[in-house]
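Here the sequence shown is numbered in my numbering, starting from 546 and rising by one per residue.
Where is the CB? At the ideal position from N, CA and C, for every residue including glycine.
Worksheet: the structure to be examined is printed underneath.
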Amino acid sequence: MEIASFVLEICFWLLLFGAIFFLILSIIYMDFMIFICSILMVISSILLACEFRLKVYDYFMKKD
């Protein structure tokens, strides 16, 4: 179970960094489709964190 959590966390960070990269590209090239892709990647990474209850999600949501 620990290996699966690690793999899912790697997928989460790859999606998040990919979204940031696409967001920077959309600002540089002023392309709306790249911006839409980056927003969709951010949404999918948040859904991935919510679905599998990763440590990152628990850290940000329970930090009161």
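- [ ] Taking the CB atoms as reference points, tell me whether S571 and F580 lie closer together than 8 Å.
- [x] yes
TODO: Check M575 in the structure and name its three-state DSSP category.
DONE: coil
Open item on the list: Pop quiz: L560 and L593 are said to be a contact at Cβ under 8 Å. What is the actual Cβ separation, rounded to whole angstroms?
Closed with: 7 Å
TODO: Taking I588 as the reference, give the member of I548, I555, I565 with the closest Cα.
DONE: I565
Task: Closest by C-alpha distance to C595, when choosing among F562, F557, F551 - done: F557
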